[in-house]
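Notes follow the structure.
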Amino acid sequence: MEQPVVVGVDGSPSSLEAVGAAAREAALRGVGLRLVHAFGQQSPHGPPAGPPWNPAAAGVRELIDGTLAEAERRARRTGPEVEVSRDVVVGDPSAVLVIASRTASLAVVGSHGHGAVGGLLLGSTAGRLAAHGHCPVLVVRGRTAPGGPVLLAVDDAPVTAPAVRFAFAEARLHGAALTAVHVCRPDSAYAYDGPADPPFVTYDRSHLREHAERVLDVALAGQEQRYRDVAVERRPVVGRVRHTLVGASADARLLVVGARGRGGFAGLLLGSVSRGVLLHARCPVAVVRDGAGKE
């Protein structure tokens, strides 16, 4: 049986936008949609997340049922053919969604929510899910340019490969073109934004651009053969990574980036760049970890 799309629900406008996006993705994939509401902070002495919970005894059944019912209505308006299920789970939202992502094809979350208890805050839930999810994570923010391309941030590290595969598949699902961007910084010996990144021996802009073109060729070669129906634009750029990606996202339907394992973001998404993209991108952002689906 195909793995469902999972979406975090807390009743906020941001989470309802995420539900709509999740329903569209589920419809395109031909899979079910699982609405997950995490209730309450998890005790540090307990397990990372509890089992499905009946909130009747807590006196908040109507509130939670209303939140999930509204989310389900939103999902059915967007994808009437999608099978929708609901889960209420005791625990921290980010921990609950990380666990739910183990059996999901895609995990979707809003960029911000109601608050620290039930909310889906970028600094907590969305960021932690992006770093630790077991499947690709879609953070819904900004606006989707209906005719825009899928924008792929390409790194020259192995971390890029899963993101490349995901971006091509998304472009085909949405009938969209794909724009692949590789950014080299001219103002230091480092190509990206962190001290762990490999140095260049020269700062010549033409050299950097040629390097970016080679990186794009290598990263895209295999998937271009597989997805011949997807129109691809290569965009080698000499400039600032975050500024370039945020600017390009204004005309995109989706920005896809890679991340490395449980340690957080790597390559072109080190430190402030990763947070900057998730905070300031003008379209939804998909984060694809190199370890997703392997743990």
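First residue of the sequence shown: 1, per the UniProt record's numbering; consecutive thereafter.
All C-beta atoms, glycine included, are put in the ideal place defined by N, C-alpha and C.
A buried status is given to Gln223, since no fewer than 16 other beta-carbon atoms sit within 10 Å of its beta-carbon. Residue state for Ser85 is assigned as strand, using DSSP reduced to three classes.
Ranked by Cα distance from Val36, the first of Glu62, Ala248, Val90 is Val90. By the criterion of at least three beta-carbon pairs nearer than 8 Å, the stretch 128-139 is in contact with the stretch 278-285.
Cβ atoms of Ala157 and Glu81 stay farther apart than 8 Å, at about 39 Å. Only residues of its own chain outside the window of five on either side were considered, and among them Gly11, Leu16 have a CB closer than 8 Å to the CB of Glu70, listed in chain order. Ala180 places its beta carbon less than 8 Å from that of Val232.
Under the DSSP assignment, Arg172 falls in the alpha helix (DSSP H) whose first and last residues are 160-174. Between Thr125 and Pro149, the C-beta spacing is not below 8 Å. Counting only residues of its own chain and dropping the five nearest sequence neighbours on each side, Gly30 has a CB closer than 8 Å to the CB of Glu2.
If you draw a 10 Å sphere on the C-beta of Ser14, you find 16 or more other C-beta atoms in it, and that means buried. Only buried fits Arg34, as 16 or more other CB atoms lie within 10 angstroms of its CB. Contact annotation, Val257 with Val277: C-beta distance approximately 6 Å; criterion of less than 8 Å satisfied. C-alpha of Ser101 to C-alpha of Arg209: approximately 38 Å in a straight line.
In the structure shown, Thr144 falls within a coil segment according to DSSP collapsed to helix, strand and coil. Per DSSP, Ala26 is one residue of the alpha helix (DSSP H) stretching across 13-29.
Under the criterion of beta carbons closer than 8 Å, His182 and Val218 do not qualify as touching, at roughly 10 Å. A distance of 8 Å or more separates the beta carbons of Gly133 and Ala153. Separation of Arg242 and Ile99 (C-alpha to C-alpha, rounded to the nearest whole angstrom) is 30 Å.
In this structure, Val109 sits near Gly8, with a CB-CB distance shorter than 8 Å.
For Val9, no beta strand (DSSP E) run applies, since DSSP gives it neither H nor E. Nearest neighbour of Thr103 by Cα position, chosen from Val5, Ser85, Ala23, Arg86, turns out to be Val5.
For Glu2, the three-state secondary structure derived from DSSP is coil. Judged by beta-carbon spacing, Pro146 lies within the 8 Å limit of Arg253, meaning their Cβ atoms are closer than that value.
Taking all protein chains in view, the Cβ of Asp155 is crowded by 16 or more other Cβ atoms within 10 Å, so the residue is classified as buried.
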